[in-house]
Amino acid sequence: MAALCTCRILRDWFERNPAYHLHIHYCPSHSGIEENEAVDADVCALTTTLPYALPPMPPPIQTSYSYAKSAITERAVGEWEEMAVADPKRYFGHAYFRHPAFRQLRHTRPIPLKRLGGRPVLVARFVRCVTNHAPTGWYRDRFRTQLREPTLCTLHNGPPAYHTCEHVLFDCDHYTCKYRHSSIEDLLGSLDPFYDILEFLKDNPMALSFEDLPGGAPD
Numbered sequence: 216m217a218a219l220c221t222c223r224i225l226r227d228w229f230e231r232n233p234a235y236h237l238h239i240h241y242c243p244s245h246s247g248i249e250e251n252e253a254v255d256a257d258v259c260a261l262t263t264t265l266p267y268a269l270p271p272m273p274p275p276i277q278t279s280y281s282y283a284k285s286a287i288t289e290r291a292v293g294e295w296e297e298m299a300v301a302d303p304k305r306y307f308g309h310a311y312f313r314h315p316a317f318r319q320l321r322h323t324r325p326i327p328l329k330r331l332g333g334r335p336v337l338v339a340r341f342v343r344c345v346t347n348h349a350p351t352g353w354y355r356d357r358f359r360t361q362l363r364e365p366t367l368c369t370l371h372n373g374p375p376a377y378h379t380c381e382h383v384l385f386d387c388d389h390y391t392c393k394y395r396h397s398s399i400e401d402l403l404g405s406l407d408p409f410y411d412i413l414e415f416l417k418d419n420p421m422a423l424s425f426e427d428l429p430g431g432a433p434d
């Protein structure tokens with residue numbers, strides 16, 4: 216997380232002025248320090264004078280916090296993957312976009328955070344899109360029935376249409392769409408569906424958000 220925050224801060228700083236640059240220099244930490252040079256000389260001398268037939272050393276007992284954390288993480292992620300592989304439809308959902316790029320299980324550095332630069336709103340809309348949990352008319356019809364929100368899209372040219380994620384991504388001319396895909400299957404068969412969805416969401420800041428009612432803003 217610290218590295219992610221650092222990259223975000225640096226990106227904002229670079230964007231302020233094209234003259235801003237970051238220069239990285241290699242600086243040996245102990246070079247030229249007399250005491251360190253003496254220790255290095257002693258270690259080198261010792262390694263060249265020791266006999267080759269040394270008694271075997273017992274394996275070290277891993278009791279550090281880092282080792283314990285790594286072992287717990289590895290076990291948890293392994294069990295997580297087993298659960299997902301055992302029943303993908305139940306775990307990922309029937310409407311989940313079935314593409315390998317969207318199904319990598321990671322407890323840190325998830326793909327949306329890494330490629331979307333840690334922008335929370337954009338990440339949320341992207342995740343809603345690929346999981347088919349975006350607040351479309353279909354979603355509102357299924358999970359928010361008591362609110363009686365509109366479920367038909369009237370924002371486009373033509374007769375009203377059921378407001379689904381696929382309608383937003385491919386059919387509705389209310390949104391700016393630069394790719395030529397005509398269906399979810401066509402999109403997922405492209406070289407980089409992540410990029411296409413990302414660009415669509417950036418070109419349409421309100422798309423697939425709870426403020427984007429399928430029938431337009433309420434009176």
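This note's numbering applies: residue 216 is where the sequence shown begins, and numbers increase by one. C-beta atoms are modelled at their ideal positions from N, C-alpha and C, and glycine is treated no differently. Because the structure is a prediction, the values reported are computed rather than measured.
Name, in chain order, the residues that DSSP records as bridge partners for residue i.
i    : result
L367 : Y377
Alpha carbon to alpha carbon, what distance is there between residue j and residue i?
i    : j    : result
D388 : T351 : 16 Å
L367 : A376 : 5 Å
L428 : V338 : 20 Å
E426 : L225 : 31 Å
E296 : C380 : 27 Å
M298 : E289 : 14 Å
R398 : H236 : Here residue 398 is Ser; the residue named in the question, Arg, does not match the sequence. When rounded, the distance between both Cα atoms is 43 Å.
R435 : G373 : This structure cannot speak to residue 435, because the chain is shown only from 216 to 434.
L406 : N232 : 34 Å
E249 : A256 : 11 Å
A286 : A422 : 41 Å
F385 : A234 : 40 Å
T221 : Q361 : 44 Å
H238 : E230 : 16 Å
P335 : A301 : 31 Å
A283 : E294 : 17 Å
L228 : G333 : According to the sequence displayed, residue 228 carries Trp and not Leu. If you take the alpha carbons of W228 and G333, they lie about 16 Å apart.
K304 : P365 : 29 Å
D418 : C392 : 8 Å
S281 : R223 : 26 Å
R355 : E400 : 24 Å
H240 : A253 : 26 Å
With distances taken Cα to Cα, identify the nearest neighbour of residue i among the options.
i    : options                : result
R340 : L413, A253, F312       : L413
H378 : N347, N251, S405       : N347
Y390 : G332, D401, L370, D411 : L370
L331 : F409, R359, V292       : F409
V345 : D411, A291, K393       : D411
V383 : V292, A291, P420       : P420
Since residue i and residue j should fall inside the 8 Å C-beta cutoff, what is the C-beta to C-beta distance between them, to a whole number of angstroms?
i    : j    : result
L416 : F312 : No, L416 and F312 are not in contact; Cβ-Cβ is about 14 Å, not under 8 Å.
R343 : A349 : 4 Å
So what's residue i in DSSP terms, helix, strand or just coil?
i    : result
S397 : coil
H382 : helix
N251 : helix
F341 : helix
Y282 : helix
D411 : helix
T346 : coil
P335 : helix
M298 : helix
A422 : coil
F229 : helix
F312 : coil
G404 : coil
C387 : coil
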